[in-house]
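Protein chains in written order, with the numbering used here: chain E, 325 to 786; chain W, 325 to 786.
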């Protein structure tokens, strides 16, 4: 039986590892350009650190690690009999794999608070695991890329994060990207205005579906859930307002004259939008105030971001973020405001694949293969090999004296540019032949010319 | 209660991430210099892939992942009652975290055999997990770095791997490293000679302790286990032979005249040692034939390597490897010979720390902090910031208009080299002040000089 890997996971061949590293480096480069510094946290956290942070649905998707040996004797069989598998699982597990990077980061900030200088700007490129049903663009193991700033509530931080998204998108050459922005306070103001504030979560969850089911769908669902039809009607004109960001915000501002909280949200958004405009902050993405954007309201307390590609809706969002005033509260530290963004690496990678933005030529190939003509010449070949490598030229010696055709085919498959041929005849003449694989040309050189001519020549292609 | 992480795991602060990346890059660079290509495999494998590969002791250290939800209903409670926790665990788990990189690699080779070109040279830098008792230099989550060649039995591959170790050690500047080498066939020949072949594993396991318990200890234990004292005496003179590699091998060769298998082993070792010498293959490590080296005999079939630092024995080995003729047999593919080495990243890192081989200055710092003097100047500051970043200069704007002292202290902590000061006065004069943090000098520049003077100047420090 052919061996295989768990569903939702992937093997990466060398070419893919190279391409993925290329994209990772772009993201890392820009994170660092903006002053973010890398941290790394363990792959698994204590169960108590992760539990209770992701809601019921998220909780189901956490991979728990089974305790070892004797610790299993503490299995809670009563819960098992009562089919309370969740409680049963907790009795035989003390750790769980990272579900996201935010909770480990919050834990990190609280645990290391005395060593950190605030505002603390960290980025993290690490794998996360979710027991999700695998589907297009969704895996059980995937890379997440987060940049967050904690300790500070300046709106310049929001501006910085918008510009960071822009630089990444600009750098990879992606077009047609939209950064949707909203503010929880405006959403809350609206729900107050419409009298929906007691059902805020329910209301915004339906509203957030606008993208997928259009306003007609949202309206239908709100009415079905007994939200007042008249009030829903008021909502419509604001949601469907196709004006500029500023005109939309000014219009809402008027309606909200009396409400402190929503005015605050509007002023925050205006500050961000105005200043980005004044410094011509965005080159490659458009910023759009979108009243229906309602993601992450369980934790976001101010700005909310979502990065999408309107022409490629099937991929979903390729990034998201927002401001959270209570990030570290569950770990015992209050009043530490933070704001952050996440780049959905796997989706971004798929987008780059689709739009042919991944490089064809990665410049990480082996430069030289030294062919093997048997034991008489192997020693000389390996002396040459040693010199090439000492000069930083990626090279290898074909280990068997197989037929030359097979050796050249190996060079072709690995996209090696040069092959050095050194058989008995060449050895006698103290020579070797340098064959270029693309053009097929062959030139004879003296072995003594290796350091003066060949190494400088081959070194250049690196 | 202060949050914490599971025992045997670690958080890495930015400085450590930088240093670890520095060491990783050295290893990757040399792996690629030698023509190895990177692959990546999933963090968890199917339980059946991992089970039965690591012996009883290893098996206990595998982290199993608990199945989710309904799958738990299949718990084997009978086994639980009989305290057969291992079987119980297998009934509620389908996957396990990577225990090493070798088994996933074997699985990969068999699974992808039709896509690969042999000899296939791969390297892998990935985390592995073991439920080991944490102690000095031993973690539950740690990085492993492996380079293997499969499909080919040329001894030039062994030579290449010895030279690869040498280049890595040379590159990081470590002195006093010893590469111990042996061959399973010689060990087997010896056990034949002494009449111990039916107890080969037991014999070599005791022999392998030589390092720790000296020959006296080995002898005592062998005799205690009823190995013939006379025969053990014969062993002594070969084990304690302090001659050169070649003289030792020649001497053993004489004794083995009749035995095919051990002669084979000796000829293999002589080929490796001779040719390395002939091409002056090793610059920074010594190669030593060590008859007592007996690691990995469960899978190694020819050469055996171990990389140690005799002057730093408490760290244990910093690398190991060997040739295995049956790597992929358990996955249904026979007759695929391979040879590989592993670098123990965590230990190597600790060694570099101890011998002060890690760089003090990582060149990954933020270059410029733009101080914040409030809202009048924030916009101009952010225009400057945008230009710096567009030119690849790592920079940030302090988000609050805190006291300058606090802002400068932030710059100091992050080791930022320059601070740009632009208050109301400077704005009026269309100027800013460039402050160097090390020298404390301050120079005024026109904002219009940013692109002609400042950016070229700051760009250079990158």
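We put the beta carbon where it would ideally sit given N, CA and C, even for glycine. Just so you know, these numbers come straight off a predicted model, no measurement behind them.
Helix, strand or coil at residue i according to DSSP, with G and I counted as helix
| i | result |
| --- | --- |
| residue 723(E) | coil |
| residue 615(E) | coil |
| residue 338(E) | helix |
| residue 321(W) | Examination of residue 321(W) is not possible in this model, given that chain W is present from 325 through 786 alone. |
| residue 668(E) | strand |
| residue 505(E) | strand |
| residue 786(E) | Because the pLDDT at residue 786(E) is just 46, under 50, the model does not fix this residue reliably, and the value given afterwards should be weighed accordingly. Coil, per DSSP. |
| residue 328(W) | coil |
| residue 362(W) | strand |
| residue 448(W) | strand |
Proximity below 7 Å, CB of residue i to CB of residue j
| i | j | result |
| --- | --- | --- |
| residue 509(W) | residue 622(W) | no |
| residue 769(E) | residue 782(E) | no |
| residue 482(W) | residue 628(W) | no |
| residue 362(W) | residue 637(E) | no |
| residue 771(W) | residue 754(W) | yes |
| residue 354(W) | residue 491(W) | yes |
| residue 273(W) | residue 502(W) | Since the first residue shown for chain W is 325 and the last is 786, residue 273(W) is missing from the structure and cannot be characterised. |
Cβ of residue i within 7 Å of any chain E Cβ
| i | result |
| --- | --- |
| residue 596(W) | no |
| residue 699(W) | no |
| residue 465(W) | yes |
| residue 723(W) | yes |
| residue 434(W) | yes |
| residue 783(W) | no |
| residue 526(W) | no |
| residue 720(W) | yes |
| residue 682(W) | no |
| residue 737(W) | yes |
| residue 462(W) | no |
| residue 552(W) | no |
| residue 549(W) | no |
| residue 478(W) | yes |
| residue 471(W) | no |
| residue 481(W) | yes |
Short CB-CB distance (under 7 Å) between residue i and chain W
| i | result |
| --- | --- |
| residue 441(E) | yes |
| residue 786(E) | Because residue 786(E) sits at a pLDDT of 46, beneath the cut-off of 50, its placement in the model cannot be relied upon, and the following sentence gives the value as read from the coordinates. No, no contact with chain W. |
| residue 341(E) | yes |
| residue 612(E) | no |
| residue 438(E) | no |
| residue 357(E) | yes |
| residue 603(E) | yes |
| residue 455(E) | yes |
| residue 779(E) | no |
| residue 417(E) | yes |
| residue 448(E) | no |
| residue 396(E) | yes |
| residue 648(E) | no |
| residue 734(E) | yes |
| residue 431(E) | yes |
| residue 618(E) | no |
Are three or more beta carbon pairs between the stretch 428-448 of chain E and the stretch 385-394 of chain E nearer than 8 Å? no
Short of 8 Å Cβ to Cβ, which residues in the stretch 362-394 of chain W face chain E? 362, 363, 364, 365, 366, 367, 368, 369, 370, 373, 384, 385, 387, 388, 389, 390, 392, 393, 394
How do the stretch 690-709 of chain E and the stretch 737-750 of chain E stand: do at least 3 beta-carbon pairs fall below 8 Å, yes or no? yes
Specify whether the stretch 357-373 of chain E and the stretch 713-727 of chain W touch according to this definition: at least 3 beta carbon pairs, one from each stretch, less than 8 Å apart. yes
The stretch 327-339 of chain W: which residues have C-beta closer than 8 Å to a C-beta of chain E, in chain order? 327, 328, 329, 330, 333, 334, 335, 336, 337, 338
Contact between the stretch 397-410 of chain E and the stretch 421-434 of chain E (3+ Cβ pairs under 8 Å): no
Can you give me, in chain order, the residues of the stretch 653-673 of chain W that have a beta carbon less than 8 Å from any beta carbon in chain E? 655, 656
What are the residues in the stretch 398-409 of chain E lying within 8 Å of chain B by C-beta distance? The structure shown contains no chain B; the protein chains it does contain are E and W.
Assess, as a yes-or-no matter, whether the stretch 654-666 of chain W is touched by the stretch 520-539 of chain W under the definition of 3 or more beta carbon pairs within less than 8 Å. no
Looking at C-beta atoms only, is the number of pairs between the stretch 630-650 of chain W and the stretch 666-676 of chain W that lie closer than 8 Å three or more? yes
What residues in the stretch 690-714 of chain E have a beta carbon less than 7 Å from any beta carbon of chain W? 690, 702, 703, 706, 707, 710, 713
At least 3 beta-carbon pairs within less than 8 Å: the stretch 476-490 of chain E vs the stretch 728-738 of chain W: no
With a cut-off of 8 Å, do at least 3 Cβ pairs link the stretch 568-575 of chain W to the stretch 538-555 of chain W? no
Could you list the residues in the stretch 556-584 of chain W with a C-beta less than 8 Å from some C-beta on chain E, going in chain order? none
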